[in-house]
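Visitor: Please read through the structure below; I'll follow up with questions.
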Amino acid sequence: MPEDVLSCKKKPVPDGTEKLYVSYETVHKLVKKLAGQMHQSGFDPDVIVAIGSGGFIPARIMKTFISKPIYAVGISYYGVGSQHADHPSKIQWIDEMRQSLAGKKILLIDEVDDTRATLAYCVRELLKYNPEEIAVFILHNKLKKKDDEFPPEIKRYYPAQEVGDVWIRYPWDALDIDEHNRLEALQSSKE
Ligand code: G4P
Ligand code: MG
0 MPEDVLSCKK KPVPDGTEKL YVSYETVHKL VKKLAGQMHQ SGFDPDVIVA IGSGGFIPAR
60 IMKTFISKPI YAVGISYYGV GSQHADHPSK IQWIDEMRQS LAGKKILLID EVDDTRATLA
120 YCVRELLKYN PEEIAVFILH NKLKKKDDEF PPEIKRYYPA QEVGDVWIRY PWDALDIDEH
180 NRLEALQSSK E
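This is the structure in structure tokens:
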């Protein structure tokens, strides 16, 4: 079956874009490393908010290390047929979160900080619930010009890894996980 029949990734990847393969093991280790750094920095969140779908698996792994409840939200910037919407929008949001998040320290988790549009939008929406603080955790920050910025309330930003403007292949998008892991190992052996 052609790859794009099964793939759910809506954002088009330009031809020739460099790819970075990341395995589940690497994701787990990145989350563990960051959980330790966050602890050392003195940040002890009350709740995790995971941005779906890329933030779900990193958030669940983080729960292993910090044992806090997870709320899940869905934000989308890419519509049907790879069309880029004008702005991110909520595709799933839980209004009951308002009470649960007021006065709380939130750890917001997503897999990647790319244009920052989705993340910054989500932060602004969550700030409306008057949390004590929001810290942003992502596996990868792409060092590139961003389309949006975080509001000044964001004082803690935890990228597990900084990368260039590459296309990251996450394990949950792999149609053949063995081949995916092989490609990660191959790329590591070249470093
Ligand atoms: P940002 O605020 O996190 O920077 O997100 P942005 O709106 O720029 O990203 C739009 C979508 O593109 C997001 O997916 C994001 O996860 C995805 N994306 C950006 N760069 C990469 C990459 O290098 N690799 C992969 N695999 N995805 C990338 P989304 O609409 O939230 O979908 P989902 O995959 O999280 O469900
Ligand atoms: Mg995402």
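Residue numbers for the sequence shown follow numbering that gives the first Met the number 0, so the first one is 0 and each next one is one higher.
Where is the CB? At the ideal position from N, CA and C, for every residue including glycine.
Note that the coordinates shown come from a computational prediction; the quantities given were computed from them, not determined experimentally.
Let me make sure I understand the geometry here. Which of D164, E190, K189, D175 has the alpha-carbon closest to that of K18?
Guide: Position 19 of the sequence shown, counted from the first residue, corresponds to residue 18. That would be D164, whose Cα lies nearest to the Cα of K18.
Visitor: Does the distance from the CB of I90 to the CB of G102 come in under 7 Å?
Guide: If you number the sequence shown from 1, residue 90 lands on position 91. If you number the sequence shown from 1, residue 102 lands on position 103. Contact flag unset, no.
Visitor: Compare the beta carbon distance of A116 and D146 with 7 Å and say whether it is the shorter of the two.
Guide: Locating residue 116 in the sequence shown gives position 117, where the first residue counts as 1. Locating residue 146 in the sequence shown gives position 147, where the first residue counts as 1. Yes. Within cutoff.
Visitor: Assuming the contact rule is C-beta atoms closer than 8 Å, M61 and Y157 should be a hit. Round their C-beta distance to whole Å, please.
Guide: Along the sequence shown, one-based indexing puts residue 61 at 62. Along the sequence shown, one-based indexing puts residue 157 at 158. Not really, about 10 Å apart at Cβ, beyond 8 Å.
Visitor: Measure the C-alpha to C-alpha separation of M0 and P57 and round it to an integer number of angstroms.
Guide: Taking the first residue of the sequence shown as position 1, residue 0 is located at position 1. Taking the first residue of the sequence shown as position 1, residue 57 is located at position 58. Low confidence applies here, because M0 scores a pLDDT of 43, under 50, leaving its location unreliable; read the following figure in that light. If I take the Cα positions, the gap works out to 29 Å.
Visitor: Is R123 near the ligand G4P, judged by its Cβ being under 6 Å from some heavy atom?
Guide: Position 124 of the sequence shown, counting from 1, holds the residue named residue 123. Not so, every heavy atom of the ligand G4P lies at least 6 Å from the Cβ.
Visitor: Sorry if obvious, but does the Cβ on I60 come closer than 6 Å to a heavy atom of the ligand G4P?
Guide: Position 61 of the sequence shown, counted from the start, is the residue given in the question as residue 60. Every heavy atom of the ligand G4P is 6 Å or more from the Cβ of I60, so no.
Visitor: Taking the straight line between their C-alpha atoms, what separation do you get for G53 and T114?
Guide: Taking the first residue of the sequence shown as 1, we reach residue 53 at position 54. Taking the first residue of the sequence shown as 1, we reach residue 114 at position 115. C-alpha separation (whole angstroms): 15 Å.
Visitor: I'd like to check one pair, L142 with E124: are the Cβ atoms closer than 7 Å?
Guide: As a position in the sequence shown, residue 124 is number 125, starting the count at 1. As a position in the sequence shown, residue 142 is number 143, starting the count at 1. Not a contact, by the Cβ cut-off of 7 Å.
Visitor: Is the separation between the beta-carbon of P86 and that of V111 shorter than 7 Å?
Guide: The residue given as residue 86 occupies position 87 in the sequence shown. The residue given as residue 111 occupies position 112 in the sequence shown. The amino acid at residue 86 is misidentified as Pro; the sequence shows His. In this structure, V111 does not lie closer than 7 Å to H86 by Cβ.
Visitor: Starting from the C-beta of V46, find all residues in its chain whose C-beta is less than 8 Å away, skip the five residues before and the five after it, and write them out in chain order.
Guide: Numbered from 1 along the sequence shown, position 47 holds the residue referred to as residue 46. Excluding positions up to five away in sequence, the list reads K67, P68, I69, Y70, S99, L100, K103, K104, I105, L106.
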